[in-house]
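First comes the structure, then the notes that go with it.
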Amino acid sequence: MTPDTTAYMLLGLIVTFGSVGLYVASLFYRSSNLKQDAALLDKLKNDDQARA
Amino acid sequence: MNTPFTRVMFSIIRKDLLAELRSRELVGTMLMFALLSVLIFSFALELDRVARQEAISGVLWVTIIFGSILGLNRSMGMERDNGNMDAMLLAPISRPAIFAGKFLGNLLFTLVVGLLLLPLTTILYNISVISGWMLVILGLGIFGFCVTGTLIATMTVQTRAREALLPIALLPVALPLLLAAVKATTAILNNVPFADWGTWAQILLVIDVVYLVVCVLAFEYVIED
Amino acid sequence: MSAVQGLPVYQPQEAGAGESRTRLLQGYSVATLLLLTLSLGLMLAYAGQDVQQGEVQRLFYVHIASFFGAFFSFGAAVLAGIQYLRTRAARWDTLALAGIEVGLLLAFINLATGSIWARPIWNTWWTWDPRLTSAAVMFLTYVAYLMLRNGIDNPERRRLFASIYGILAFGTVVFTLVIIRIRPDTIHPTVIATQLSTSGSEAEGAFEMSSRMTQTLLFTLAVWIFFVTPALMWWRIRLENAAERLHRLKAQYLEE
Chain A
1 MTPDTTAYML LGLIVTFGSV GLYVASLFYR SSNLKQDAAL LDKLKNDDQA
51 RA
Chain B
53 MNTPFTRVMF SIIRKDLLAE LRSRELVGTM LMFALLSVLI FSFALELDRV
103 ARQEAISGVL WVTIIFGSIL GLNRSMGMER DNGNMDAMLL APISRPAIFA
153 GKFLGNLLFT LVVGLLLLPL TTILYNISVI SGWMLVILGL GIFGFCVTGT
203 LIATMTVQTR AREALLPIAL LPVALPLLLA AVKATTAILN NVPFADWGTW
253 AQILLVIDVV YLVVCVLAFE YVIED
Chain C
278 MSAVQGLPVY QPQEAGAGES RTRLLQGYSV ATLLLLTLSL GLMLAYAGQD
328 VQQGEVQRLF YVHIASFFGA FFSFGAAVLA GIQYLRTRAA RWDTLALAGI
378 EVGLLLAFIN LATGSIWARP IWNTWWTWDP RLTSAAVMFL TYVAYLMLRN
428 GIDNPERRRL FASIYGILAF GTVVFTLVII RIRPDTIHPT VIATQLSTSG
478 SEAEGAFEMS SRMTQTLLFT LAVWIFFVTP ALMWWRIRLE NAAERLHRLK
528 AQYLEE
């Protein structure tokens, strides 16, 4: 008798690819934060130049 | 036995012992903690004799480990706060000798706690835990734990979280060692013949040697600035 | 140590080289995605169903592959740690950090799929079996690595201590691999080992592998080891480099 364990398999696949997806999303999130910071820094620099 | 290495090593041990004899805060704190821990466990696990025999090696090792962590934090924190470490590093002495000195000091204090704990548990739990093999395993376990503890405590006292980080960083690395020690101790307490748990003693010995080599090599990098 | 607050010497790349590298990484990532989909297809449609365990057995491919992916990325972190201690070049530490972060993700997948498989097969999500325990400890050790890292402000000291701890932590990985040798009473099945030597173990949930299953396993292993793990690490390294660059620009700006 083969038990029906399809639900567990699906759960496992969701967790696997879900966590890879979450990690990739976190990479994107962190890099977009960096870009924001970089843009802010550029703006500050330009402001300083304009004032000078 | 009067090489520069041993001179440095013994003077560090003497310094730690003298400081301890004057203040009596290190071993005192560790012992008080050990006593309280064993008492709390004996309330918490109001067990029958058989169940106790199984649980007691866990109680023993948990107490020794956390007592040792208290001591390690204190001993390395002292070096850092008083600027001793900087002074020692300026002196032209070998780094492994500093490691050996600090390590042997920590080992001594933890061994004192461990040895006093044996009669204490014998009384409180009404099970004889003192035997030759017990002392051997206790020594091997504490040796390995203090080796890794001295290295990792040297790192963690230089972090922001300091004391809080030591158990977190140390316990997982020391786990293989503790597992072997707990298993061997449980076997001894249950009068299992040596042939059945001898592997654990061998594993313990191998881990001790490996950790000693790795930690001595790594110590040089940990204290370099 | 150096008077400059521990900032690594940064070699500016030529714009052209950086761009072609970006394109290479993008291509690599697309290939990874395709191969991953293909391995998923093999796993679901080609490998065949296990008669005793049903569909859940198919998680086994990801379970093994993610463990070995973690093994290789933690291993890379050890080599990078040793290289860092020898050369003191910050990029080695960046590699180690990427290896450990990606390794943690893979180790998590390994634990999660194992646990989900165990629910129908062992009738429990978790049991304190030697191998499960050591795998969990391995995971926690590397979490401790990240905590230790975050606790140190001085960048040079952070890299130094992280390298040393990364080397020490690998002990738990080795421990997880060898524990079935020293504790044969584990109930964790050793599917690959039993193919080589049919040793009578107490394993619960072991199964025979057909040749199609073996092919699927090898393919999945290759995809996770040679594509998923390196691709993720590569992206993580780029992120860290960008963070370093920004950090330096900030410091420069504040100095002016």
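Residue numbers (my numbering), protein chains in the order written: chain A, 1 to 52; chain B, 53 to 277; chain C, 278 to 533. Where a beta carbon is used, it is the ideal one built from N, C-alpha and C, also for glycine.
Contacts with chain C at 8 angstroms (Cβ-Cβ) include A/K45.
Per the Cβ contact rule, the region 108-127 of chain B is in contact with the region 188-206 of chain B (3 or more Cβ pairs under 8 angstroms).
The Cβ atoms of B/I189 and B/I240 lie closer than 8 angstroms to each other. Using a Cβ-Cβ cut-off of 9 angstroms, B/V225 is close to T418, A421, Y442, L445, A446, G448 and T449 of chain C, given in chain order. Contact check for B/I194 against B/L163 passes: the beta carbons are separated by less than 8 angstroms.
Neighbourhood of B/L217 in chain C, by CB distance below 8 angstroms: M424, L425 and G428, in chain order. In this structure, B/T173 and B/I92 do not form a Cβ contact; the two beta carbons are roughly 13 angstroms apart against a cut-off of 8 angstroms.
Residue state for A/D47 is assigned as helix, using DSSP reduced to three classes. Checking the DSSP bridge columns, you'll see C/D327 partnered with C/G331. Within the region 182-207 of chain B, there are no complete alpha helix (DSSP H) runs of at least 4 residues. The alpha carbon of C/T314 has as its nearest neighbour, out of C/V500, C/L526 and C/L516, the alpha carbon of C/V500.
Counting only Cβ-Cβ distances below 7 angstroms, C/V414 has contacts in chain B at P224 and L227, in chain order. With fewer than 16 other CB atoms across the displayed protein chains lying within 10 angstroms of its CB, B/M84 is exposed. Shown here, B/R76 sits in coil according to DSSP, grouped into three states, outside any helix or strand. The residues A103, R104, A107 and V111, in chain order, have a CB closer than 8 angstroms to that of B/L97 in the same chain once the five nearest residues on each side in sequence are set aside. Minimum Cα-Cα distance from C/R436 among the listed residues C/G482, C/T467, C/A366 and C/T401 corresponds to C/A366. Nearest in C-alpha terms to C/N427, of all of B/G196, B/Q210 and B/C198, is B/Q210.
Where C/M415 is concerned, the enclosing alpha helix (DSSP H) starts and stops at P407 to N427. DSSP, reduced to helix, strand and coil, places C/I464 outside both helices and strands of the structure shown, so it counts as coil. Within the same chain, N125 come within 6 angstroms of B/E215 by CB-CB distance, once the 5 residues on both sides are set aside. Legend: CB atoms of the region 82-116 of chain B lying less than 7 angstroms from CB atoms of chain C are not found in any residue. DSSP places C/W403 outside any alpha helix (DSSP H), giving it a letter other than H or E. Counted as a single uninterrupted DSSP element, the alpha helix (DSSP H) harbouring B/P171 occupies residues R147 to Y177. Of all C-beta pairs linking the region 388-400 of chain C to the region 349-357 of chain C, fewer than three are shorter than 8 angstroms, placing the two stretches out of contact. Between A/S31 and C/A519, the beta carbon gap of about 6 angstroms places them in contact (Cβ cut-off 8 angstroms).
For C/W511, the enclosing alpha helix (DSSP H) covers residues T506 to E532. When 7 angstroms is used as the limit between beta carbons, B/I189 is near no residue of chain C, the shortest such separation being about 16 angstroms.
Within chain C, the residues L523 have their CB atoms less than 7 angstroms from the CB of A/A38, given in chain order.
For the region 486-512 of chain C, the set of positions with a beta-carbon nearer than 8 angstroms to some beta-carbon of chain A reads V505, L509 and W512 in chain order. For the region 329-361 of chain C, the set of positions with a beta-carbon nearer than 9 angstroms to some beta-carbon of chain A reads Q329, Q330, G331, E332, V333, Q334, R335, L336, V339, H340 and S343 in chain order. With a threshold of 16 other beta carbon atoms within 10 Å, B/N242 falls short and is exposed. For C/L382, the closest of A/A7, A/K43, A/G21 and A/F28 by C-alpha to C-alpha distance is A/G21.
Any Cβ of chain C closer than 8 angstroms to the Cβ of B/M207 would place that residue at the interface, and such an atom is present. DSSP places C/Q492 in the helix class (H, G or I) of the three-state scheme.
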